[in-house]
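Reading through the structure tokens given below for one structure.
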Amino acid sequence: MHRKSKFWSCIKKNTDFYDLTREQQIDALINGGVYVCYNSASSSSSSSKLIVKDNVLYLPDLSIKKKPSEDLLDEFYDYVLDISQSDIDTHFYLFFKNFNDSVFGMEFLEQKKVARELFIEIYDSVDVKGIDFLKKEFSKNGIENLKEYNRFLKLKSVRKAKCSALATDDSLISFLGGNEAYFKSSEFLEHNNFLSMLDFEKQLKVLISLNDRYQFTEDVVFSKLGKLKDRYKKYQNTFSSFDVFRFTNNFIEELNENKPSNIDSLHQALLELNLIQAKKESFINYLNTEHNTPTTKLRNYARDVNRSHDFRVLKIKEQLKELIS
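For the record, in the sequence shown the residue sitting at position 298 is 337 according to the working numbering, with numbers rising by one throughout.
Here it is, written out as structure tokens:
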């Protein structure tokens, strides 16, 4: 796996985990924070409705369900994508070899017309028809309009559904146990859920690339900016705004030397401008999770104790003030 793994092979083979019943295994995963519990309304039609009687609202019967955590699902799907990348890339190469030949010599607008027709054809072939979210808007003239949600948000919903179908307890426990043989087996690779996911990801990569080249619509999900906005959702309580989060991310990504010292200065600048949560733990968690920095503490210096640090803090604060002004 390319990215640092939290869950892969976290269940060791020499434990008694595999001697447990499936229900006991799931309970053990809940205790370890790998699975989570949530309340769900009963599926019974008579008990799943809200009832008002004598001006009292009666809630439906709730039962406790168990499911994998979002972090586990994300890492699991990243792993499946990783082992499928060769097939996805082959399809991508063959598609654009044919496409580039077909639009050779055309003006850009002519190319865009051909690409748009292909985009719509491929998009319609992906199972998005059941995701018809429309949003109501009013024009400056007060006229009501119904506009469709961003198409890449719909594709994100399809990907989530593919992941849910693929992430059976068997597959997830094999992933948690680091069972590479399972993911190379016909049981997994020939299963309809895997084949459906693979076909979707092949088409998705083409759609993302066509849109990036010809800009049919804003990619709010799979572009660099879209991915960053998605990551920001985890840290909305740490950073004061998305712009501050993006500045912090770019600042750290561009560091080539003296990384710990520069991060200390960045943290102090953010603190002095009240742009991050005061608790250091939340920022340390962000650093370790998003940038794989083995950070355990952040240093703060009194003024004039470390002149180099003071200079960096001043410079960063100037950039941040310009950002938020």
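Here a beta-carbon is modelled for each residue, glycine too, at the ideal position from N, C-alpha and C.
Requested in this report: Can you give me the Cβ contacts of H130 inside the same chain, cut-off strictly under 8 Å, excluding the 5 residues immediately before and after it?
Outcome: Position 91 of the sequence shown holds residue 130. Cβ neighbours of H130 beyond the five flanking positions: K241, K244, V245.
Query raised in the report: How is I315 classed by DSSP in three states: helix, strand or coil?
Result: Numbered from its first residue, the sequence shown carries residue 315 at position 276. Three-state result, I315: strand.
Query raised in the report: Three or more C-beta pairs closer than 8 Å, one from the region 60-71 and one from the region 228-238: is that the case here?
Result: no
Query raised in the report: If we call anything under 9 Å between Cβ atoms a contact, is V119 one with L194?
Result: Here residue 119 refers to the residue found at position 80 of the sequence shown. Here residue 194 refers to the residue found at position 155 of the sequence shown. The answer is no: Cβ separation not under 9 Å.
Query raised in the report: Can you list, in chain order, the residues of its chain whose CB lies under 6 Å from that of Y77, leaving out five sequence neighbours each side?
Result: Locating residue 77 in the sequence shown gives position 38, counting from the first residue. Closer than 6 Å at Cβ, skipping near neighbours: K104.
Report task. Return the bridge partner residues of V75 from the DSSP annotation. Result -> Indexing the sequence shown from 1 puts residue 75 at position 36. In DSSP, V75 forms a bridge with K106.
Query raised in the report: How would you write the range of the alpha helix (DSSP H) that E357 sits in, first residue to last?
Result: Taking the first residue of the sequence shown as 1, we reach residue 357 at position 318. Here the alpha helix (DSSP H) through E357 covers 346-363.
Query raised in the report: How is the alpha helix (DSSP H) around F214 delimited, first residue to last?
Result: As a working note, residue 214 is residue 175 in the sequence shown. That run of the alpha helix (DSSP H) goes 208-215.
Requested in this report: Kindly indicate which residue of S225, R198, E357 has the alpha-carbon position closest to the one of L112.
Outcome: Locating residue 112 in the sequence shown gives position 73, where the first residue counts as 1. Here the closest residue by C-alpha is R198.
Query raised in the report: Helix or strand or just coil, what does DSSP make of F135?
Result: The count along the sequence shown starts at 1 and reaches residue 135 at position 96. DSSP places F135 in helix when its eight states are reduced to three.
Query raised in the report: Are the Cβ atoms of D349 and R338 separated by less than 9 Å?
Result: Sequence index remark: in the sequence shown, residue 349 carries index 310 (1-based). Sequence index remark: in the sequence shown, residue 338 carries index 299 (1-based). Not a contact, by the Cβ cut-off of 9 Å.
Query raised in the report: Considering E292, what are the terminal residues of the alpha helix (DSSP H) in which it resides?
Result: As a working note, residue 292 is residue 253 in the sequence shown. Segment 281-292, the alpha helix (DSSP H) holding E292.
Query - Beta-ladder partner(s) of L185, from DSSP - result: By one-based count along the sequence shown, residue 185 stands at place 146. Looking at the DSSP assignment, L185 forms a beta bridge with K175.
Query raised in the report: My guess is that T334 and N327 are in contact by the Cβ rule of under 8 Å, so how many angstroms apart are they, rounded?
Result: For the purposes of this step, residue 334 is taken as the residue at position 295 of the sequence shown. For the purposes of this step, residue 327 is taken as the residue at position 288 of the sequence shown. Confirmed, Cβ separation roughly 6 Å.
Query raised in the report: In or out: F115 buried (at least 16 other Cβ within 10 Å) or exposed?
Result: Counting from one through the sequence shown, the residue named residue 115 turns up at place 76. By the 10 Å Cβ count, F115 comes out buried.
**Report entry** Cβ-Cβ distance between L173 and E183 below 9 Å
**Finding:** Taking the sequence shown and counting its residues from 1, one reaches residue 173 at position 134. Taking the sequence shown and counting its residues from 1, one reaches residue 183 at position 144. Going by C-beta atoms, L173 is not nearer than 9 Å to E183.
Report task. Using three-state DSSP, classify F278 as helix, strand or coil. Result -> As a working mapping, residue 278 is identified with position 239 in the sequence shown. Note: F278 maps to strand in three-state DSSP.
Query - K273, DSSP secondary structure in three states - result: For the purposes of this step, residue 273 is taken as the residue at position 234 of the sequence shown. Correct three-state label for K273: helix.
Query raised in the report: Skipping 5 residues on each side, what residues in its chain have a beta carbon closer than 6 Å to that of G216?
Result: By one-based count along the sequence shown, residue 216 stands at place 177. Contacts found: I50.
Query raised in the report: If you check the beta carbons only, do L309 and F322 fall under 9 Å apart?
Result: For the purposes of this step, residue 309 is identified with residue 270 of the sequence shown, where counting begins at 1. For the purposes of this step, residue 322 is identified with residue 283 of the sequence shown, where counting begins at 1. Yes.
Query raised in the report: In the structure shown, what three-state DSSP assignment does R338 receive?
Result: As a first step, residue 338 must be located in the sequence shown, where it is residue number 299. Three-state DSSP puts R338 in coil, outside helix and strand.
**Report entry** Inter-residue Cα distance where the pair is Y274 and Y325
**Finding:** Position 235 of the sequence shown, counted from the first residue, corresponds to residue 274. Position 286 of the sequence shown, counted from the first residue, corresponds to residue 325. Near 8 Å, if we compare the C-alpha coordinates of Y325 and Y274.
Query raised in the report: Out of curiosity, what's the CA-to-CA distance linking L148 and S364?
Result: In the sequence shown, counting from the first residue as 1, residue 148 sits at position 109. In the sequence shown, counting from the first residue as 1, residue 364 sits at position 325. When rounded, the distance between both Cα atoms is 39 Å.
Query raised in the report: Going by beta carbon distance, what residues of the same chain come within less than 6 Å of L249, once the five residues before and after it are set aside?
Result: To locate residue 249, count along the sequence shown from 1; it is residue 210. Taken in chain order, the residues that qualify are A154, F158.
Query - Rounded straight-line distance, which links the Cα of F56 to that of E296 - result: Stepping through the sequence shown from its first residue, residue 296 is reached at position 257. Stepping through the sequence shown from its first residue, residue 56 is reached at position 17. Spanning the two alpha carbons is a distance of roughly 44 Å.
Query raised in the report: How should Y74 be labelled, buried or exposed, when 16 other C-beta atoms within 10 angstroms of its C-beta is the threshold for buried?
Result: As a working note, residue 74 is residue 35 in the sequence shown. With 16 or more Cβ atoms within 10 Å of its Cβ, Y74 is classed as buried.
Report task. Pull up the distance between the alpha-carbon of L305 and that of R351, whole angstroms please. Result -> Your numbering for residue 305 matches position 266 in the sequence shown. Your numbering for residue 351 matches position 312 in the sequence shown. Distance between the alpha carbons of L305 and R351: 8 Å.
Query raised in the report: Would P196 pass as a contact of V167 if the rule is Cβ separation under 9 Å?
Result: As a first step, residue 196 is located in the sequence shown; it is residue number 157 there, counting from the start. As a first step, residue 167 is located in the sequence shown; it is residue number 128 there, counting from the start. According to the sequence provided, residue 196 is Ser. The question's Pro does not apply to it. Yes, the Cβ-Cβ distance between S196 and V167 is below 9 Å.
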